[in-house]
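Asks:
Here it is in structure tokens:
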């Protein structure tokens with residue numbers, strides 16, 4: 001399993017993890033704190049704030065995802081996803097509800113619709129320029145279609161669905 005592999009590679013340094021619904025939550029639990037806009041999004045799921053804790057990282061289908069705040073200071077930003085509804089999003093919080101469910105609080109990411117670069121022979125349609133952020137949504141891990149690459153170049157930000165073959169597809 002992924003846990004066994006990580007423990008062998010890291011020489012048993014994977015101390016804090018929880019499994020729930022086939023999802024491996026990594027790191028230490030933290031108390032959930034929500035902005036009012038985030039709270040309005042999650043209150044329809046009918047769980048009390050006292051029942052939930054948050055994590056910064058998780059493994060799902062052998063792919064690591066993390067929250068945006070955790071990824072900001074890291075070399076690789078793995079907080080951007082593409083959902084099954086073809087919506088780009090950024091993971092804001094990983095919410096663990098007392099041994100029952102794992103929810104992802106995500107914020108919609110708006111991207112440019114027209115191709116990044118277009119020529120009569122080809123179009124770069126897979127790389128999208130990030131143009132803004134939208135509403136908050138609560139999703140479950142099975143609603144993730146793909147992880148995305150976040151590319152930050154000077155004054156522009158781009159998103160690209162993880163190319164086929166990069167994860168051993």
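Residue numbers (my numbering): 1 to 169.
The beta carbon of each residue, even a glycine, is placed where N, CA and C say it ideally should be.
Residue 50 by DSSP, collapsed to three states: which one?
Replies: Helix, per DSSP.
Asks: Please work out which residues of its chain come closer than 7 Å, Cβ to Cβ, to residue 83, disregarding the five sequence neighbours upstream and downstream, and give them in chain order.
Replies: Closer than 7 Å at Cβ, skipping near neighbours: 89, 139, 143, 144 and 145.
Asks: Looking at residue 131: is its Cβ nearer than 7 Å to the Cβ of residue 112?
Replies: Yes, the Cβ-Cβ distance between residue 131 and residue 112 is below 7 Å.
Asks: Please classify residue 21: does DSSP put it in a helix, a strand, or coil?
Replies: Here residue 21 sits in coil by DSSP.
Asks: Within 10 Å of its beta-carbon, does residue 57 have 16 or more other beta-carbons around it, so buried, or fewer, so exposed?
Replies: The residue is buried, with at least 16 neighbouring Cβ atoms inside 10 Å.
Asks: Could you name the residues that DSSP lists as bridge partners for residue 61?
Replies: DSSP output for residue 61 lists no bridge partner at all.
Asks: May I have the straight-line CA-CA distance separating residue 55 from residue 72, to the nearest angstrom?
Replies: Computed Cα separation, rounded: 15 Å.
Asks: Anyone know if the C-beta pair for residue 114 and residue 159 falls short of 7 Å?
Replies: Not in contact: residue 114 and residue 159 (Cβ atoms no closer than 7 Å).
Asks: If you run the structure through DSSP and keep just helix, strand and coil, what is residue 32?
Replies: Coil.
Asks: How is residue 112 classed by DSSP in three states: helix, strand or coil?
Replies: Residue 112 falls in the coil class under three-state DSSP.
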